[in-house]
Amino acid sequence: MDHYERSMRLASNIVRQYDPNAYILASFTSSWADTNGGFSAKQMMELLVNFGNAEGDYRWGIAAHPYPQDFWPNLWEHDTQATYSENAKYVSFKNLEVISDWMLRREHYYKGQEKRILFLSENGANSMDNSAKNLQLQAAAAAWAWKKTQANAGIDGIMWHNWWDNPEEGGLHLGLRDQNKNPKPSWYVWQAAGTSRESEVLDPYLSTIGISDWGAIHHYVEKTDAEFMRIELNRNTTSGMTCQFQDYSQIYTVTANSDDPQIQTVASSQPLSSNSNVMAFEYQSNKNLDLQFFFTDPPSENLSLTSSLSATTGNEWKRVYVNIAGMRAITGAFNNAGSKLRIDPGRGWNADNTLNFKIRHLCITNGGVSDIDAQGLNAESAIQSTVTDDTDRGVYTIRTTGTDPGVYSNRLRANLSAKADKLLFEYQSSSDVDMHIYFCDEATQYRMVQPATLPATNSWKRAVVDLSPVIKNSGWGFHGDYLRIDPGYNSGVTFKMRNLVICDASFVSEYPLVLDNRDTHDLVFSRDSRAENADGTSDSAAPLQYDGWAISTIGSDPFVLTNPLMCSLNDEASKLHIVYKSDVNISPLELFFLDPMTQTRAKKYYDVMPATDEWKHIVIDIADMRREFGWGYAGNVLRLDFANNIGSNIRIQSLYINDSDDTCDNAEEFTDLHNTWNMFGTTGGVNIVSESPRPFIIYNTIGIPVARVTVEGRKFVPLPRGIYLSHGKKLIVN
């Protein structure tokens, strides 16, 4: 696998010298988690991710071959090992959502920001003997494959194999035409797919499959294993050392009294997801040391990892991430309950008791790091209170029934970055509340913050709680951590909360929105670019100019979501600007203000997007929806529904929110609304200057975001050599 990855990296480095937009694709069969005596496709894909994390990431993607398990055309019956589980043995047309979900996990993105390409480059259904029955089944399989592909945003393209029945393929009949080049029924399915005739041609095959609508073929992917795991030390297994544990601070303190100190961990209680391959912890040490992890019993030097740790000063805690993917793949560690590690905190201390080492929050996670975590409350965890969740409006109502009420939050979905140290929320309360927020696992006064008293209010008020003191002192903020929120000490209080988010609490007056290719439905979505000369004439040799997004609707419910807001909007930012072209009237344009995604949080805007073949700039006032739902916090998402027009073509050049009603006749003018900023490319990156806090997104020439920053003053963004675009400017980095 090491040789394969090196070959991919070498090919990528060579090819991208000639085409900076090129992608290197790794080719895999339908054996998803089935090792069959070697590596499975899933293991190899995860190893590629971990190679990138360890050695520097580069743009690679996947060319998958999801052939049916046994080449029967009616795969919905015969592909018994293509289950809807993240650990399915096979991925075929039957369960494409499994590989799509894998591609959509943020920890698998290129540098955590850009979804990798997934191209179904070789796949087809076998019509067996080309009898009338099997031709019908092959056509139904083709319809199934198309509908599955369109419904899974992790898939970027599909190519059928083969165009005709190749007599050299061992008796397989995979073609859309027979050996005489006559079209089969599947050929007509492929011809109609993605056109206005799709439903007319594909829907008759519903009865062949035995279902009444295409929604029946789509499934959620079952997550079978834990995505994070706390690792505790077994203090009864020490050798050559002492180990003390402070319950209130969750800290292990190690003092070495030999030259080979060691300790074992407590056995794991459940299997760990194969996507969780990063061991994280924080430590203090009075000496430089090598912390060694053994993955087998008896321990073997060849099956261990060493993390070299530098000495710390004062009360400084250092956070460490250790990639354990290779050891997990070789040893099978944590694939089952009962796994243990042996940890050796350095060697050669000559029994002089001079090593003092503290470690806290030792855990295994997916390694993702986030600036934002949208929080929810776990209603079933309520203590001396009742909690109801108004799922239509995103409101939690806590009614206290005792003098020590509380409720736990959901667990963090990724490790928090250092800047994510504030808890934002909006509240209503029937009386003044002295809130306490505890940082679990240990709900004690040592792991608690108490914000200022929240006054009673019948209207929604914003609260900002500084979490940084306890985050710093207790090491809280890892994947899987959670909070306990206590709304005072009185019974009979009604306390409502909404829009809970952990972030840096920054607010901006203008924010550019980015459409997200992970979340689309009934449309084909792509970045839109053009090659033009200075005079506007087309030229294939001219540099690519970023031009927004191209959307073609292929179903009756077309919609796309934006990326989450990376910072919150101030109260005045209530105007949604869209610069677009469309060959049909989009009426109504329906906007969903998420989360949650319910009809209650949607509003229809009629006659705001008429058909136009020239760039048109419209402004939609969203102040009422922002007030009603408190929408506009970091982590919030906007969904755009483009009416029920099938076969329409829409281009969006710009999408942003600010506090201005101004529109422009020239579509280029929108990029410089206040003339208070500037940006330019230079050697090694891009310089940005802004008089006030302002978000910037920098794109490469195929329209993929490569950097997102909010700038006040001056900031240098390091980037590789190339051409980039942002706010209508071309940026050349040498």
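Here this note's numbering is used: the first residue of the sequence shown is 164, the next is one more, and so on.
Backbone N, C-alpha and C fix where the C-beta goes; we use that ideal spot for every residue, glycine too.
Same chain only: Cβ atoms within 7 Å of residue i, ignoring 5 sequence neighbours per side
| i | result |
| --- | --- |
| His837 | Residue placement at His837 is poorly supported in this model, since its pLDDT is 35, which falls under 50; the coordinates are not used for a value here. |
| Ala619 | Ser592, Ser593, Ser594, Asp595 |
| Glu361 | Ala355, Ile717 |
| Lys878 | Ile851, Val872 |
| Gly848 | Phe879, Val880, Pro881, Leu882, Val896 |
| Asn465 | none |
Whole-angstrom distance between residue j and residue i, CA atom to CA atom
| i | j | result |
| --- | --- | --- |
| Gly293 | Trp235 | Reading off the sequence shown, one finds Asn at residue 293, where the question assumed Gly. Cα-Cα distance, rounded: 12 Å. |
| Pro231 | Gln299 | 16 Å |
| Ala653 | Gly219 | It should be noted that the sequence gives Asn, not Ala, for residue 653. Answer to the nearest angstrom: the Cα atoms are 54 Å apart. |
| Ser467 | Tyr253 | 31 Å |
| Ile895 | Phe843 | 8 Å |
| Ser817 | Ala581 | 31 Å |
| Val384 | Leu452 | 43 Å |
| Ser170 | Ala189 | 10 Å |
| Leu454 | Gly643 | 24 Å |
| Gln708 | Ile820 | Confidence at Gln708 is low in this model, with a pLDDT of 44, below 50, so the placement of that residue is unreliable and no value is reported for it. |
| Cys406 | Thr563 | 41 Å |
| Asn329 | Gly338 | 7 Å |
| Gly569 | Trp639 | 19 Å |
| His324 | Ala288 | 8 Å |
| Asp264 | Asn863 | 25 Å |
| Asp784 | Pro675 | 16 Å |
| Leu587 | Leu663 | 6 Å |
Sequence-distant residues of its chain with Cβ nearer than 6 Å to residue i (five each side left out)
| i | result |
| --- | --- |
| Gly810 | Ser359 |
| Ile321 | Leu283, Thr312 |
| Asn799 | Leu728 |
| Ala870 | Ile861, Val880 |
| Gly651 | Val596, Asp597 |
| Glu753 | Ala765, Lys767, Asp804 |
| Asn176 | none |
| Ile807 | A small correction: the amino acid at residue 807 is Asn; Ile does not occupy that position in the sequence shown. Counting only Cβ-Cβ distances below 6 Å, and skipping sequence neighbours, we find Ser719. |
| Lys503 | Gln427, Thr428, Ala430 |
Three-state class that DSSP yields for residue i in the structure shown
| i | result |
| --- | --- |
| Arg647 | strand |
| Gln413 | coil |
| Ser501 | Residue identity check: residue 501 is Gly in the sequence provided, not Ser. Residue state, collapsed to three classes: coil. |
| Tyr674 | strand |
| Leu335 | coil |
| Asp744 | Note that residue 744 is Lys in the sequence shown here, rather than Asp. Lys744: strand per DSSP, three-state reduction. |
| Met171 | helix |
| Lys312 | First, the amino acid is wrong: residue 312 is Thr here, not Lys. In the structure shown, Thr312 sits in a helix (DSSP, three-state: H, G or I). |
| Thr563 | strand |
| Gln591 | strand |
| Trp323 | strand |
| Leu525 | strand |
| Pro346 | strand |
| Asp679 | strand |
| Asn578 | strand |
| Ile374 | coil |
| Val872 | strand |
| Glu209 | helix |
| Asp328 | coil |
| Phe391 | coil |
| Glu695 | A caution first: Glu695 carries a pLDDT of 44, below 50, which makes its placement in the model too unreliable to give a value. |
| Lys738 | strand |
Residue of the options minimising C-alpha distance to residue i
| i | options | result |
| --- | --- | --- |
| Cys526 | Glu875, Gln354, Ala389, Ala226 | Ala389 |
| Asn315 | Val872, Ile380, Arg764, Met404 | Ile380 |
| Arg748 | Met760, Tyr768, Pro759 | The sequence shown places Asn at residue 748, not Arg. Here the closest residue by C-alpha is Tyr768. |
| Phe520 | Ala500, Gly844, Thr475 | Thr475 |
| Gln762 | Val677, Val687, Thr554 | Thr554 |
| Leu259 | Gly509, Trp326, Leu281, Ile741 | Leu281 |
| Arg576 | Thr192, Gly539, Leu587, Gln547 | Gly539 |
| Gly787 | Asp734, Asn812, Ala305, Arg802 | According to the sequence as given, residue 787 is Asp; it is not Gly. When each option's Cα is compared against that of Asp787, the closest is Asp734. |
| Pro632 | Val612, Gly489, Thr246 | Val612 |
| Lys310 | Asn199, His684, Val656, Lys892 | His684 |
| Phe256 | Gly489, Asn286, Ala806, Trp265 | Asn286 |
| Met392 | Trp353, Leu435, Ile426, Tyr368 | Leu435 |
| Asp410 | Leu472, Asp758, Val261, Ile522 | Ile522 |
| Ala196 | Gly557, Ala245, Ser375, Arg556 | Ala245 |
8 Å CB neighbourhood of residue i in its chain, flanking five on each side removed
| i | result |
| --- | --- |
| Tyr272 | Lys278, Arg279 |
| Asn529 | Arg268, Glu270, Glu390, Phe391, Ser436, Asn438, Ser439, Asn440, Val441, Ala577, His642 |
*asked:* For the region 431–451 against the region 398–407, do three or more pairs of beta-carbon atoms, one drawn from each stretch, fall closer than 8 Å, so that the two count as touching?
replied: no
*Looking at C-beta atoms only, is the number of pairs between the region 237–250 and the region 332–350 that lie closer than 8 Å three or more?*
no
*Three or more beta-carbon pairs under 8 Å between the region 479–491 and the region 427–441, yes or no?*
yes
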